[in-house]
Every structure is written in C-alpha cells, then in structure tokens.
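*Asks:*
Next comes the structure, spelled out in structure tokens:
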C-alpha cells in the first residue's frame with residue numbers, strides 16, 4: 015500500500031448512490047482463494063496429525079508379548095515378561111525406537127567413596143520425573159554407593175484414572191567402562207474397536223471443522239457475492255469489484271466444542287503423550303526429538319481453550335482492558351515451538367521433577383506407588399501450564415504498556431503479519447484509498463462489544479477492491495457480524511437495498527450501539 019493511501023469515509027441511508035438495473039461484475043481473487051483453502055486444509059487435517067507419531071488402528075501388533083493376560087495374573091510375571099521383551103530389543107548402546115516401543119540408555123556417574131548424595135543428579139536422568147518412589151530411592155542409593163547398580167530393576171505402569179497408559183521397565187548395567195540405566199517403554203495395545211473408534215472420531219472432527227468453516231464463513235461469501243452483484247458498495251458507483259477472501263482459522267479456534275474435542279483427544283491418547291515425554295527427554299536422535307515436539311504442538315489447543323475461557327471471565331467481570339488480544343498465528347507458532355522444549359525443560363529441572371513426582375503419587379497408596387503412577391492430576395497441571403503461556407503474554411503486555419489504539423482500521427497493515435503476507439500475495443498492486451473496519455472503531459471505544467477480547471480475528475476479514483470514478487484503487491475492509499457481542503448492541507436492523515451493513519455508534523457508551531445488516535441478511539459489515 016502506498017504512502018498516499020487515505021481513508022475514505024462512508025455512510026448508509028440517504029447518501030447511498032442510486033442503484034442501477036444492470037448487475038455489477040464481481041470476480042474472486044484466485045490467489046486469495048487458494049491461500050484461504052490451504053489454510054482450511056491445514057485446519058481440517060489437524061485431528062489426523064496425531065498419526066505422525068501414533069499407529070493406525072490397522073497396524074499389526076502380533077509381535078507384542080501377551081502382557082494383557084500375564085499382567086492381570088501376576089505383577090512379578092508382568093515384570094519378568096516385559097524385562098525379557100526389552101532386553102531382546104536392547105541396542106549395543108544409545109537408543110532404539112520401534113513402532114510401539116522405545117529403549118533408551120542413560121549413562122550415570124557414580125562418584126567413588128561418596129556415601130551421601132542430594133537429589134540434584136536426578137535432573138540429569140531421562141524420565142526421572144516418572145520414577146516410582148522405590149525407583150527414586152534406589153537410584154539415589156546407587157549414586158551414594160549404598161546399593162549395587164546390577165540389582166536395579168523396576169516395572170512401572172502408568173495409569174490414567176486407573177486405566178494403563180504405559181509400561182516401562184528400568185534396569186541397571188555396569189561394565190568396566192560405563193555404568194548406565196536402561197529404560198524400556200511400551201504403549202498398551204487397546205482393542206481394535208477402541209482404536210477404530212478414535213480414528214473415526216478424528217475423521218468426524220475433521221468433517222465437523224469443514225462443516226463449521228462452510229456454515230460460519232464461506233457461506234457468507236455467497237450472500238456477499240450476490241449482494242455486490244446487485245447493489246455494489248455504498249461507498250462508490252463502481253461497476254466492477256474484486257473480492258479478496260480472508261482466513262477462517264480464528265472463527266474455528268473460538269469454537270468451544272472444537273477446542274474441547276482437541277483437548278480430550280490429546281489426553282485420550284495418553285500412551286503416546288507419555289511416549290513423547292520420554293522421547294523429548296533424549297537428544298541422541300534429533301529426528302525423534304523433532305517428531306515428539308511436533309506431536310506435543312497439539313497442546314496449542316490448551317492455549318486456545320484458555321484464551322476463550324479467559325475472555326468469558328474478563329467480560330463477566332467487566333475487565334476487558336486488562337488483556338491485550340493475541341495474534342492467533344503467533345500463538346500457534348509460539349506454543350508449537352515452545353511446547354516441546356518447555357516440556358523437556360520441565361523434566362530437567364529438579365523443581366518440576368519433584369512437583370510431578372508428587373502429583374503422580376499423592377493419590378496412591380504405598381502398595382500402588384510401588385507398582386506405578388497415576389497421571390491424571392499431573393495431566394491437569396501440565397494442561398494448565400501450557401494453557402497459561404499466551405495468558406502471560408496478554409496480561410503482561412496489557413499491564414506493561416497502554417498502547418494507543420490504531421486508527422488505520424481499514425488498512426491491510428492493521429492485520430497480523432501472516433495475513434499481511436497472504437494479502438500481499440493476493441493483491442497485484444497496492445491501493446490508494448481504504449475504507450471500512452467500522453467494528454474496530456467500535457472495539458477501540460468499547461472493547462466490551464468484542465465477542466472475544468483475547469484473540470484477534472482480523473484475519474477473517476475480506477477486502478473488496480474497486481476503482482472509483484477518479485481511477486483510484488480502493489480497498490474496502492469487511493468484517494463478520496459474529497465478531498461482535500450482540501448483547502452489547504441496542505438493535506440490529508436489516509437494510510434491504512444495500513449490500514453490506516455497518517456499525518452506527520455514538521460516544522456515550524455501548525448502550526448506543528446500533529448495527530445495520532445488508533440485504534438477504536448479509537453478515538458482512540463495512
């Protein structure tokens with residue numbers, strides 16, 4: 015956009031140009047259509063991204079030792095069976111990763127002559143946070159030269175609400191050159207019916223996302239297209255328009271049912287979450303580490319869910335100005351990049367190791383603690399820790415500086431960086447005049463009128479390009495009515511002879527806010 019760009023005022027009602035009987039010509043910007051559909055495709059396949067790490071339900075599991083029968087009969091039989099299973103897959107050194115199992119070697123340093131040792135060395139042990147109290151005590155005894163490493167052998171069964179989610183065996187090995195602890199991890203094999211149920215539920219979620227994108231976003235373009243063809247825009251007599259599509263991502267992110275489904279899906283795959291935790295605790299295999307980080311990037315839905323809940327609380331308390339809205343693209347990138355390293359950091363800091371060790375065992379009896387861990391409480395805390403990351407940014411930014419609201423609401427520069435880039439690809443050249451963005455002028459005066467005060471939804475806006483009578487290229491920003499909290503609006507009035515609506519507000523508070531909508535109940539506002 016050139017530096018000569020200026021904002022064009024507009025009005026509705028008597029000042030509208032007279033309509034003409036001949037229809038206007040409206041064309042879709044093909045580059046914006048492709049970009050928008052690619053972003054939708056990214057949304058639609060999100061539920062299936064879990065299979066980057068997880069096995070498909072038709073995966074052959076016939077080589078797995080029959081732990082289901084043996085572990086239900088005897089703890090000792092279960093321990094011995096898993097020990098043989100992992101020892102058969104133990105590499106000469108380093109790590110080994112299979113379809114459903116991992117075996118990791120952790121070298122330990124046992125200082126000679128030392129009889130007392132603190133818990134600090136635990137921070138250097140892979141999976142230290144997931145040790146049972148007996149494992150933890152024995153490791154410290156080994157490091158203090160009070161117990162032989164060769165006798166170190168433990169079975170640990172992780173459970174979520176009593177349902178097994180992982181089996182791990184740890185055993186010690188000492189040679190003339192090295193002392194090490196091996197950790198073997200295996201995911202439980204659930205019934206084929208359950209695995210297919212989870213697979214089809216993810217397919218259903220993907221289809222539901224596509225359905226929501228159509229009904230809440232793209233269907234509105236059909237109405238807009240027809241209205242532009244019949245009425246044009248109230249700001250011009252132009253006969254030709256180019257429609258630049260936006261990104262529906264933010265519309266889907268704020269759907270509470272979709273966010274809840276993703277959070278539930280994450281924790282219903284706890285066996286693979288636990289496996290990702292183990293894999294992210296090692297750095298010997300960089301590719302496996304990156305895949306584990308990618309799997310944990312699904313925790314971005316913890317952040318979106320937390321932002322939606324926080325918005326509801328702030329609006330109920332009337333504290334909308336206490337939070338600076340976050341860019342959903344930056345939130346996704348930030349959480350995706352931070353989730354893995356942040357998780358790895360937690361398992362390397364003694365503070366978090368002790369915290370999770372307590373959470374894993376506090377709900378269990380002494381006998382239950384000797385055989386495994388209950389991860390439900392720790393899962394809740396982990397969800398809260400990941401979910402609060404964008405909240406720290408939003409509250410911190412709002413308290414650190416009280417930024418003056420921008421007034422170039424109609425300009426593409428008002429969008430976040432990702433959508434500025436996408437719009438830049440779509441528009442062959444810049445614009446001379448901009449108009450629209452009336453809802454952002456409203457939000458700047460009355461933030462409580464914004465439906466969600468924590469997430470920016472500017473990326474969902476579309477732009478209508480045209481040339482006025484003077485040959486100046488003009489861009490009109492249109493926003494969806496669903497971004498407005500209609501409980502704060504006095505009236506929503508249909509106007510049957512204009513293509514789009516607008517916001518009519520005074521400066522006396524949100525009680526004076528009125529909105530018009532275009533013909534055919536068009537939800538786009540200029």
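Numbering (this note's numbering), first residue to last: 15 to 540. Virtual Cβ for every residue (Gly too), placed ideally from N, Cα, C.
1. Check residue 73 in the structure and name its three-state DSSP category.
2. Quick one: using the 10 Å Cβ neighbour count with 16 as the cut-off for buried, is residue 89 buried or exposed?
3. Near residue 163, which residues of its chain fall below 6 angstroms by C-beta distance, leaving aside the five closest residues on each side in sequence?
4. Classify residue 108: buried if its beta carbon has 16 or more other beta carbons within 10 angstroms, exposed otherwise.
5. Within 10 angstroms of the Cβ of residue 436, are there 16 or more other Cβ atoms? Answer buried if so, exposed if not.
6. Please report the straight-line C-alpha distance between residue 531 and residue 241, rounded to a whole angstrom.
7. Should residue 96 be labelled buried (16 or more other beta-carbon atoms within 10 Å of its own) or exposed?
8. Could you have a look at residue 211 and say whether DSSP puts it in helix, strand or coil?
9. Under 8 angstroms, do residue 117 and residue 198 count as touching if we go by C-beta distance?
10. State the DSSP-derived secondary structure class of residue 39, mapped to helix, strand or coil.
11. In whole angstroms, what is the alpha-carbon distance linking residue 13 and residue 315?
12. With a CB to CB cut of under 6 angstroms and the five nearest residues on each side skipped, what residues in its chain are close to residue 267?
13. Using CA coordinates, which residue listed in 70, 429, 244 is at the minimum distance from residue 39?
14. Can you give me the C-alpha to C-alpha distance between residue 336 and residue 328, rounded to a whole angstrom?
15. In whole angstroms, what is the alpha-carbon distance linking residue 404 and residue 340?
16. Extract the residue ranges of the alpha helix (DSSP H) inside the segment 432-484, only unbroken runs of 4 or more that lie entirely within it.
17. For the beta strand (DSSP E) holding residue 119, just list the boundary residues, first then last.
18. Using the Cβ count rule (16 or more neighbours within 10 Å means buried), how would you classify residue 330?
19. Go ahead and label residue 372 buried or exposed: buried means 16 or more other beta carbons lie within 10 angstroms of its beta carbon, across all protein chains shown.
20. Could you tell me whether the segment 437-448 touches the segment 481-488, using the rule of 3 or more Cβ pairs below 8 angstroms?
21. Suppose contacts are defined by Cβ-Cβ distances below 8 angstroms. Is residue 539 in contact with residue 495 by that definition?
22. Pick from 311, 312, 334: whose alpha carbon is nearest that of residue 322?
23. Can you list the beta strand (DSSP E) stretches of 3 or more residues lying completely in the segment 214-278, in chain order?
24. Beta-carbon separation of residue 380 and residue 67 under 8 angstroms?
25. Going by DSSP in three states, residue 333 sits in which element: helix, strand or coil?
26. Return the residue from the list 398, 296, 514 that minimises the CA-CA distance to residue 138.
27. Identify the residues that DSSP records as bridge partners of residue 199: which are they?
28. Are the segment 220-235 and the segment 448-460 in contact at 8 angstroms, needing three or more beta carbon pairs?
29. By DSSP, does residue 157 sit in helix, in strand, or in coil?
30. Mind checking who residue 171 pairs with in its DSSP beta bridge?
31. Can you tell me which of the three DSSP states residue 532 falls into?
32. In angstroms with no decimal places, state the Cα-to-Cα distance between residue 145 and residue 103.
33. Assign residue 513 to one of three DSSP states: helix, strand, or coil.
34. Any idea what DSSP makes of residue 361, helix, strand or coil?
35. May I ask you to list the residues that DSSP assigns as paired with residue 375?
36. If you drop the 5 nearest sequence neighbours on each side, which residues of the same chain put their C-beta closer than 7 angstroms to that of residue 556?
*Replies:* Let me lay it out:
1. coil
2. exposed
3. 156, 186, 188, 193
4. exposed
5. Buried, by the Cβ-count rule.
6. 12 angstroms
7. Buried, because 16 or more other Cβ atoms sit within 10 Å of the Cβ of residue 96.
8. helix
9. yes
10. strand
11. Only positions 15 to 540 of the chain appear in the structure, and residue 13 is not among them; the question remains open.
12. 318, 342
13. 244
14. Taking the straight line from one Cα to the other gives about 8 angstroms.
15. Taking the straight line from one Cα to the other gives about 7 angstroms.
16. 452-459
17. 115-121
18. exposed
19. exposed
20. As far as the Cβ criterion goes, the segment 437-448 touches the segment 481-488, which means the pair count is three or higher.
21. yes
22. Of the listed residues, the one whose Cα sits closest to residue 322 is 334.
23. 254-258
24. Not a contact, by the Cβ cut-off of 8 angstroms.
25. Three-state result, residue 333: coil.
26. 296
27. Beta-bridge pairing links residue 199 to 116, 182.
28. no
29. helix
30. Beta-bridge partners of residue 171 (DSSP): 181, 386.
31. Note: residue 532 maps to strand in three-state DSSP.
32. 22 angstroms
33. coil
34. coil
35. DSSP, once it has assigned bridges, lists no residue as partnering residue 375.
36. Since the first and last residues shown for the chain are 15 and 540, residue 556 lies out of range.
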